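Asks: Chain order of the listed sequences is S and U. Quick note: the first sequence, position 31, residue 31 per our numbering, numbers continuous. So the number in our numbering is just where the residue sits in the second sequence, counting from 1, plus 247.
2 protein chains.
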Amino acid sequence: MPTAGIAIIGDEILSGKFVEENAAFLIGELRALGVDLRRIVMIPDDLEDIAATVLDLSARFDYVFTSGGVGPTHDDVTIAAIAKAFAKPVVRHPELEQRVRAYWGAKLDEPNLRVADIPEGAELVYGKDQMWPVVCVANVFILPGVPPLFRRKFVDIRDRFRTEPVTIARVYVNADEGAIADDLDAVVAAHGGVKIGSYPRFSEKDFKVMVTLEGRDAGEVAAAFALLVERLSDRVVRTEQPAPAGA
Amino acid sequence: MPTAGIAIIGDEILSGKFVEENAAFLIGELRALGVDLRRIVMIPDDLEDIAATVLDLSARFDYVFTSGGVGPTHDDVTIAAIAKAFAKPVVRHPELEQRVRAYWGAKLDEPNLRVADIPEGAELVYGKDQMWPVVCVANVFILPGVPPLFRRKFVDIRDRFRTEPVTIARVYVNADEGAIADDLDAVVAAHGGVKIGSYPRFSEKDFKVMVTLEGRDAGEVAAAFALLVERLSDRVVRTEQPAPAGA
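1) I want to verify the contact list: residues of chain S whose CB lies under 8 Å from the CB of U:Ala465, in sequence order.
2) Are U:Lys442 and U:Phe449 touching if we call contact CB-CB under 9 Å?
3) Report the residue ranges of all alpha helix (DSSP H) runs contained in full by the stretch 74-134 of chain S; include only those spanning at least 4 residues, in chain order.
4) Just the chain S side, please: which residues come within less than 8 Å of U:Ser450 by C-beta, in chain order?
5) Return the residue from the list U:Asp293, U:Phe312 and U:Val434 that minimises the CA-CA distance to U:Phe269.
6) Buried or exposed, going by whether 16 or more other CB atoms sit within 10 Å of the CB of S:Ala4?
7) Residues in its own chain within less than 6 Å of U:Val381 by CB, not counting five upstream and five downstream?
8) Quick check on this structure: which residue in U:Ala428, U:Arg278 and U:Gly257 has the alpha carbon closest to the alpha carbon of U:Ile492?
9) Which residues of chain U have a Cβ atom closer than 8 Å to the Cβ of S:Val237, listed in chain order?
10) Is the shortest distance between the beta-carbon of S:Asp182 and the beta-carbons of chain U less than 9 Å?
11) Identify every residue that forms a DSSP beta bridge with S:Arg238.
12) Run through chain S and tell me which residues come within less than 9 Å of U:Arg286, C-beta to C-beta.
13) In the DSSP assignment, the alpha helix (DSSP H) including U:Gly444 goes from what residue to what residue?
14) Scan the stretch 354-375 of chain U for residues whose Cβ lies nearer than 7 Å to a Cβ of chain S and list them as they occur along the chain.
15) Over the uninterrupted beta strand (DSSP E) stretch that includes S:Asp36, give me the two end residues.
16) Determine the chain U residues that contact S:Ala224 at a beta-carbon separation under 7 Å, and present them in chain order.
17) Just to confirm, is the Cβ distance from U:Met248 to U:Thr410 under 9 Å?
18) Pick helix, strand or coil for U:Thr410, following the three-state DSSP scheme.
19) Can you name the residues of chain U whose CB is closer than 7 Å to the CB of S:Glu177?
20) Buried or exposed, going by whether 16 or more other CB atoms sit within 10 Å of the CB of S:Tyr103?
21) With DSSP as the reference, label U:Ser262 as helix, strand or coil.
In structure tokens:
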């Protein structure tokens, strides 16, 4: 299963000026695509911090997605930071420059051209949008921070990340978490390929704990599900049968 | 200004089973308290990952807040991970054990006692709740992942983090970001103590870019604000005068 990390870049998120939307969106997208999201890091517009964080994520995971810091102003340092991370200079891409000039025409301001400045050797990844590609360095896909643009650009290229989804089942239990810990341990021991999550909730009327069972092997998830339901017996309030996740 | 990092621990966040609420809440709280939030990391229930991440945050920042992984089930490994990070054994705290036994009485299940297991030498931090303290190791405050509990426990101890808030002003501009980049650069050059953010928006009716000016020195923020408004002149749609942030 391919893995992924996300870097959310921008003072505005950490200081609460804007509510984070892009990681929240990508969580659902990656799940539906069958990509295993392992880490989200939210950091300021700081060149050194971005460079170190992106390089670390790039080494750990198959795909890295960055959000933010790619506009034309002084606080947009993501491109320079990612270039630094991969020891490349930032160069003005002739084809992109041409498109920026064509787009703005006589209204062009010099800083607008900065969006044509990318790390040397970066790949331009095209979806249906043949005008504005996603810039990709190694396994790092560089996306804009403004939420509608972020979503549009990711959706445009997402098919390349699609793989087999996981199977998930849920069991809603009317018992305290401590009272079912032994039962969960028994299922964990019997089915190592199934990841079991236990989530107490205090404001639900009909259950106290939601248990999730997830795995790539639909048969093993079904077996673990059956074992757990049998063990918990009449403490089970309701279930959601094994089915593909995130679809 | 004290700095802070947040570690959000739990497969359920990264896989989208639950929407993240605790970092979102803490962003606003820390801002209102005058604490500079520098990094949020969201990671799975993985002992090694939690240990390394928490230790890293602890070394970088004045305060670290963790959310999640402190219940009685197999996937709750935060306490063990933080103990490992600081090279301490996990010990059963006699006073906490007594309270757990008193609370559950005859209904006690053995796994419930795990909430009395904490890293050796951990500090018990009390607010108004004299029954259930927040466990703190070095500068790491360990909070539960269930959102109502997380909020209640943080609010209970938050006064100890309070400091002077920053001053913030906002300028809403009817011009493209590229067209005002030079003006922003000029203000950045003249007022090094003021942090300037530039946020393009494409779905607002009356402005194209929101510019924020922030700093500890209210006088310098006011001077930077005046300079920017003067330079942008009739491109300014409206402003929010310098005032304490997050209040």
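Note that CB positions come from ideal geometry on N, CA and C, so glycine has one too. It should be emphasised that the depicted structure is a prediction, and the values quoted were computed from it without experimental measurement.
Replies: Judging by the given coordinates:
1) Ordered by position in chain S, no residue passes the 8 Å Cβ test against U:Ala465, which lies about 17 Å from the chain.
2) U:Phe449 is positioned such that its CB atom lies no closer than 9 Å to that of U:Lys442.
3) Correct list: 78-85 and 94-104.
4) What U:Ser450 touches in chain S, judged by beta-carbon distance under 8 Å, is Pro148, going in chain order.
5) The displayed chain sequence assigns Asn, not Phe, to residue 269 of chain U. Of U:Asp293, U:Phe312 and U:Val434, the residue nearest in Cα terms is U:Phe312.
6) Residue burial annotation: S:Ala4 is buried, with at least 16 other C-beta atoms found within 10 angstroms of its C-beta.
7) Once the five neighbours on either side are set aside, the close Cβ partners of U:Val381 are Val372, Phe388, Lys400 and Ile404.
8) For the sequence presented, residue 492 of chain U should be read as Ala rather than Ile. For U:Ala492, the nearest C-alpha among the options comes from U:Arg278.
9) Under the 8 Å cutoff, chain U gives no residues; its nearest Cβ is about 17 Å from S:Val237.
10) Yes - at least one Cβ of chain U is within 9 Å of the one on S:Asp182.
11) For S:Arg238, which the question treats as bridged, DSSP gives the partners S:Tyr172.
12) Scanning chain S for C-beta atoms nearer than 9 Å to the C-beta of U:Arg286 yields Leu14, Val41, Met42, Ile43, Pro44, Asp49 and Thr53, reported in chain order.
13) Premise fails: U:Gly444 lies in the beta strand (DSSP E), Lys442 to Pro447, not in any alpha helix (DSSP H).
14) Cβ contacts with chain S come from Asp356, Pro358 and Asn359.
15) For S:Asp36, the uninterrupted beta strand (DSSP E) segment begins and ends at Asp36 to Ile43.
16) Under the 7 Å cutoff, chain U gives no residues; its nearest Cβ is about 13 Å from S:Ala224.
17) In contact: U:Met248 and U:Thr410 (Cβ atoms closer than 9 Å).
18) In this structure, DSSP gives U:Thr410 a state outside helix and strand, which the three-state scheme calls coil.
19) The CB of S:Glu177 comes closer than 7 Å to the CB of Gly318, Pro319 and Thr320 in chain U, given here in chain order.
20) Its Cβ having fewer than 16 others within 10 Å, S:Tyr103 is exposed.
21) Of the three classes helix, strand and coil, the one that applies to U:Ser262 here is coil, per DSSP.
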